[in-house]
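Student: My questions all concern the structure below.
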Amino acid sequence: MTQLRLFDTYERKIRDLVPLQGNEVGLYACGPTVYNYVHIGNLRTYIFEDLLRRTIEHAGFELKHVMNITDVGHLTSDADSGEDKMEVGSRRSGMDAWGMAEFYTAAFKNDLEKLNIYPPHIWCKATDHIAEQISMIQELEGKGYTYPTSDGIYFNSRKLSNYGHLARLNIEGLLAGARVEQGERQYVTDFALWKFSKPDENRQMEWDSPWGVGFPGWHIECSAMSAKYLGDFFDIHCGGKDHIPIHHTNEIAQTEASRGTRLANFWMHGYFLELQNEKMSKSSGDFLQLISLADAGFDPLVYRYFCLTAHYRNELSFSWEGLVAAKTALNRLYEAAYEWGEPGEVSEHYRARFVEHLYEDLNVPRALAAAWELIRSDEPNDVKKATLLEFDEIFGLDIASWEPEEVSVPVDVQQLVTAREQARLDKDWSQADALREKILALGFIIEDAGDKTKIKPV
RNA sequence: GGCUGGGUGGCAGAGUGGUUAUGUCGCGGUCUGCAACACCGUUUACGCCGGUUCAAUUCCGACCCCAGCCUCCA
């Protein structure tokens, strides 16, 4: 059997995935901060995590997938200044912070479902785990890793000798950059564990703590919740690559300092979707959502297919042209599979090629290429069908359930089609062509398939 | 300015020290009354300059450019 190998950001190399315990793989994925809708760039990361999950399960491991919902404490600046995004979002949306969190969480889950992304086994919300976070901060305090300032409790990053290894941080370089507001922090890389409510702020979300009324810092939630559901040291932690230098770096610091273990055996990061002109910043409020693509006539699964064409560890350039290409390819794939009829035996040859690429750090573009070679091969149709359906357990494109769209044709168009068929029988080609033009002007394309005429909307 | 990564054919995007990625667009062909659909074929690419090598797009070094992080962000 082929060994599943994955790239680990921490060691910067591809290694065999060997579960820490038995056959179980614990996977923690950083979820969204629910102060707004997610954009298609965010969703690329969740598609990557879904492919990872499906591959791990395909390889025969038992997966436990945990995803958090950040519904408090994510400040508008990672330098621990600025406001809580939840409070800002609440003002913008006119909803209260709690209602807004629920609203955007539901919207997020809806997007995942449309993209055929399996939901995690456990969802966990930061606000449901305040006690766990406080207790972890207390552990850190007990071990001398914290210090207070006028606005909160901070983590002393200099007490860890290997702080920043994940990101290969060059602390002196950061200092030289001098673009970080240090405030009362003792060192640039120190970060907040607990923030005090300001007297004049009137926060909607705040809790009592041994240090005073306030709210947890952003990073502590992931350390506390992953430990609760997966243990202090678990198999895989993923997220977007932008989390490498700060969020994940700090999670590692917290867990290593409080629990004395490494946090995750593998760190995996999804790379960005790049747009030339479109904005992709969630906080600006001006960004492409899944619904924006649907409004432009692209099924969510077209976007999923689009993401399959690039490796997760490379940037992917978004363009509408690229989306059109994905739509065309996906439709050809659907139609071909539909025409093949019932599945038969799976081709061992293509299965082996598929698995070989997939298990080498999720080379999905290569696996997809293998699918196209299969489609254009001389294999019998029932073999092609069975094999492609097996591939689709990873691709997640719903190939099995696809059927041609039922087109409702207006009566006047139907009459023109009937007239054209008569003209063709009469071999009155100029009349037939003229009618085809008329039908096209009304928004329908004619395809003569044998003695039948297909009608498709433009 | 610092750090991390990247520059491949019209577009997107794999990969490799000498061997076909793949998809899409365009072009040619088969099919068709003509088209469309489908199928087949197809231009032959690896930022720039040096170096290593029998051989480099693939390894090494300099340079240029791009992206991300250091400010909100997957």
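Numbering (my numbering), first residue to last: -9 to 448.
Backbone N, C-alpha and C define an ideal beta-carbon position, used for all residues, glycine too.
Because the structure is a prediction, the values reported are computed rather than measured.
Can you name the residues that DSSP bridges to E335?
Tutor: Residue pairing of E335 in beta bridges, as defined by DSSP: absent, with no partner found.
Student: Rounding to the nearest angstrom, what Cα-Cα distance links P447 and H29 in this structure?
Tutor: 29 Å
Student: Taking C-alpha atoms, which residue in G63, L306 and D225 lies nearest to H119?
Tutor: G63
Student: Taking only the alpha-carbon atoms, compute the straight-line gap between A315 and E264 and give it to the nearest angstrom.
Tutor: 17 Å
Student: Check the DSSP bridge columns for D438 and list the partner residues they point to.
Tutor: T443
Student: According to DSSP, which residues form a beta bridge with F145?
Tutor: T136 and F181
Student: Locate the beta strand (DSSP E) running through W113, then write down its first and last residues.
Tutor: For W113, the enclosing beta strand (DSSP E) covers residues I112 to K115.
Student: Could you give the residue range of the alpha helix (DSSP H) that holds D6?
Tutor: No alpha helix (DSSP H) holds D6; the beta strand (DSSP E) holding it covers K3 to D6.
Student: By DSSP's criteria, W197 is part of a beta bridge. Which residues make up the other side?
Tutor: G204
Student: Evaluate W208 with the Cβ neighbour count: other Cβ atoms within 10 Å of its Cβ, from every protein chain shown; 16 or more gives buried, anything less gives exposed.
Tutor: buried
Student: Kindly indicate the opening and closing residues of the beta strand (DSSP E) around S450.
Tutor: Nothing can be reported for residue 450, as the shown portion of the chain is limited to -9 through 448.
Student: Sorted by chain position, which residues of the same chain lie with C-beta nearer than 7 Å to L379's C-beta, five sequence neighbours on each side aside?
Tutor: P333, I389 and A390
Student: Which whole-angstrom value describes the C-beta separation of Y108 and R193, a residue pair presumed to lie in contact below a C-beta threshold of 8 Å?
Tutor: At roughly 35 Å, the Cβ-Cβ gap does not stay under 8 Å, so Y108 and R193 are not in contact.
Student: Tell me which residues share the same chain as F98 and place their Cβ nearer than 6 Å to its Cβ, disregarding the 5 neighbours each side in the sequence.
Tutor: Excluding residues within five positions, the ones whose Cβ falls inside 6 Å are P22 and V28.
Student: Suppose you measure from the CA of F434 to the CA of A409; what does that come to, to the nearest Å?
Tutor: 15 Å
Student: Do L348 and L298 have their C-beta atoms within less than 7 Å of each other?
Tutor: no
Student: Classify I127 as helix, strand or coil using the three-state DSSP reduction.
Tutor: helix
Student: On the DSSP bridge assignment, give the partners of C228 in chain order.
Tutor: A19 and M258, per the DSSP bridge assignment.
Student: Measure the C-alpha to C-alpha separation of T245 and D(-2) and round it to an integer number of angstroms.
Tutor: Approximately 18 Å, taken between the alpha carbons.
Student: Please name the residue in A431, C114, H237 and F381 whose C-alpha comes closest to that of P355.
Tutor: Closest by alpha carbon: F381.
Student: Beta carbon of L(-4), beta carbon of F223: below 7 Å?
Tutor: The beta carbons of L(-4) and F223 sit no closer together than 7 Å.
Student: With DSSP run on the structure shown, which of helix, strand or coil describes F98?
Tutor: helix
Student: Quick check on E174: does DSSP put it in helix, strand or coil?
Tutor: coil
Student: Pull up the distance between the alpha-carbon of K188 and that of G72, whole angstroms please.
Tutor: 12 Å
Student: Apply the 10 Å Cβ neighbour rule to H111 and answer buried if 16 or more other Cβ atoms are within range, or exposed otherwise.
Tutor: Classification for H111: exposed.
Student: What are the boundary residues of the alpha helix (DSSP H) that includes N32?
Tutor: DSSP places N32 in the uninterrupted alpha helix (DSSP H) bounded by I30 to H48.
Student: Can you tell which of N353, A342 and R366 has its C-alpha closest to the C-alpha of A327?
Tutor: R366
Student: Count the other CB atoms, across all protein chains shown, that sit within 10 Å of the CB of W362; report buried if there are 16 or more and exposed otherwise.
Tutor: exposed
Student: Assuming V56 contacts Y219 (C-beta within less than 8 Å), just tell me the rounded distance between them.
Tutor: 5 Å
Student: So within the region 342 to 425, which uninterrupted alpha helix (DSSP H) runs reach at least 4 residues, ignoring any that extend past its ends?
Tutor: 354 to 365, 371 to 385 and 401 to 415
Student: Pull up the DSSP beta-bridge partners for E52, would you.
Tutor: E14
Student: Where does T(-8) fall in DSSP's three states?
Tutor: coil
Student: Assuming L156 contacts I37 under a Cβ cut-off of 8 Å, what Cβ separation, rounded to an integer in Å, is found between them?
Tutor: At roughly 23 Å, the Cβ-Cβ gap does not stay under 8 Å, so L156 and I37 are not in contact.
Student: Name the one or two DSSP bridge partners that T60 has.
Tutor: T23
Student: Start and end of the beta strand (DSSP E) containing L291?
Tutor: Careful: L291 lies outside any beta strand (DSSP E), inside the alpha helix (DSSP H) at P290 to L298.
Student: Between G154 and H237, what straight-line distance do the alpha-carbon atoms span, to the nearest angstrom?
Tutor: 11 Å
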